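Chemist:
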Amino acid sequence: MTRDEAARILAELLSDRARLWRSSHFDDALEHREYTMLDVWKLIRERNIEDAPAFEQVHGNHVVRLLGWATDGRKTRLVLGLRRVGPSIAITIIDIRGVR
Amino acid sequence: MRVTTEICPVCESANVESSTPPAYRYRGAGLGPITLHGGVQQLICGACGARSIHIEREQQLLQVIALMLLMKPGHLTGREMRYLRSACDLSQAKLALSIGVRRETIAERESRETPGLDAGAEFFLRVILLRHFLEYLKSDDHLGAEHHGILRDHCKAVFGISDRVREHPRKRALAVRQVGKIWEPELAIT
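The listed protein sequences derive, respectively, from chains A and B. Sequential numbering of the first sequence, starting at 648, is according to our numbering. Sequential numbering of the second sequence, starting at 163, is according to our numbering.
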């Protein structure tokens, strides 16, 4: 998957033409790290793809890392598992202050 | 529960059970659980055991929550203040500038369960947040026509006095007329 393809899928998620799934684990991380879904959608909207999507053999999706600032100003990475056809999933959201 | 043609978003197995919970405790707003009636799909994977959820039109849901908070009776909590600011994509510094206070004051109020604003200060804060929310919607609007109807009515009520002030910026002489046994204002007050 190229960056452009990933950007197209992100646009589909934003326009509700594709569905974003998440696990209860993701919701736990969201709450524990004091983020909200406003942050998640903000990062998706900004579409700042960090590096080329990497195919993840085990889960059969392409891991895309989005970098940006959460609504409270924290530098944040959102990791998504995207599929050309099929469901995309939010994997994790991380505060990257101090993370190399 | 029913078995569908869905696949597990985690492992791609087709061995999933899909359901639409009649009531779902939504935690994505960071405001404590909000009960959603409908609009949620849940998948439980028989292969990897993952439980996944999808919220229909979640961006709209988040803006409807903001609308509800702007119209909420009673005081906002610190978390609700923070949510509203975030829903307008405002930093603490920008909100502080709009209100004319220090950024630290916003941070401190948002960290409290009860921010401790009196009714006048809270009204002022909500007017500022409402204006920012309207501005934000110009570039990222997920609300439907019915929500805009509610928002219009709310704006009319909130901005009524300030709009009248703006419409009549010049000093005008007041006139009052006696009609029967009562005094009636000549400037229409509606």
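Every residue gets a Cβ at the ideal spot worked out from N, C-alpha and C, and that includes glycine. Remember, predicted model here, so these are calculated numbers, not experimental data.
Where does C317 (chain B) sit, in a helix, a strand or coil, going by DSSP?
Modeler: The answer is helix: DSSP assigns C317 (chain B) an H, G or I state.
Chemist: Counting only beta-carbon separations shorter than 8 Å, does Q221 (chain B) have a partner in chain A?
Modeler: Yes, its Cβ sits closer than 8 Å to a Cβ of chain A.
Chemist: In three-state DSSP terms, what is T267 (chain B)?
Modeler: Helix at T267 (chain B).
Chemist: In chain order, what are the residue ranges of uninterrupted alpha helix (DSSP H) at least 4 long that sit wholly in the region 189 to 251 of chain B?
Modeler: Fully enclosed alpha helix (DSSP H) runs of 4 or longer: 220 to 232, 240 to 249.
Chemist: Going by beta carbon distance, what residues of the same chain come within less than 8 Å of I215 (chain B), once the five residues before and after it are set aside?
Modeler: Excluding positions up to five away in sequence, the list reads Y186, V202, Q203, Q204, L205.
Chemist: Under 9 Å, CB to CB, which of the residues in the region 234 to 247 of chain B have a partner in chain A?
Modeler: Result list: R244, Y245, R247.
Chemist: Could you tell me which residues DSSP pairs with T723 (chain A) in its beta bridges?
Modeler: DSSP lists A:G715, A:D742 as partners of T723 (chain A).
Chemist: Quick check on the burial criterion: 16 or more other C-beta atoms within 10 angstroms. Buried or exposed for I656 (chain A)?
Modeler: When all chains shown are included, I656 (chain A) counts as buried.
Chemist: Determine the chain A residues that contact H216 (chain B) at a beta-carbon separation under 9 Å, and present them in chain order.
Modeler: Within 9 Å Cβ-Cβ: R666, L667, W668, R669, P734.
Chemist: Closest Cβ-Cβ distance between H706 (chain A) and chain B: below 8 Å?
Modeler: Yes, contact with chain B.
Chemist: Looking at the strands, I want to know which residues DSSP matches up with V338 (chain B).
Modeler: B:P347.
Chemist: What first and last residue would you give for the beta strand (DSSP E) that runs through L667 (chain A)?
Modeler: Unbroken beta strand (DSSP E) run through L667 (chain A): 667 to 670.
Chemist: In chain B, which residues lie with their C-beta within 9 Å of the C-beta of L677 (chain A)?
Modeler: Ordered by position in chain B, the residues that pass the 9 Å Cβ test against L677 (chain A) are R189, G190, G192.
Chemist: At 9 Å on the CB atoms, spell out the chain A contacts of E174 (chain B), in chain order.
Modeler: Correct list: H706, G707, N708, R730, G733, P734.
Chemist: Which residue wins for smallest C-alpha separation from A654 (chain A), given the options A:R731, A:E681, A:H679?
Modeler: Nearest option by C-alpha distance: A:R731.
Chemist: Could you name the residues of the region 287 to 300 of chain B whose beta carbon sits closer than 9 Å to any beta carbon of chain C, in the order they occur along the chain?
Modeler: Among the protein chains in the structure shown, which are A and B, there is no chain C.
Chemist: Tell me, please, whether the CB atom of P195 (chain B) is closer than 8 Å to any CB atom in chain A?
Modeler: Output row for P195 (chain B): interface = no.
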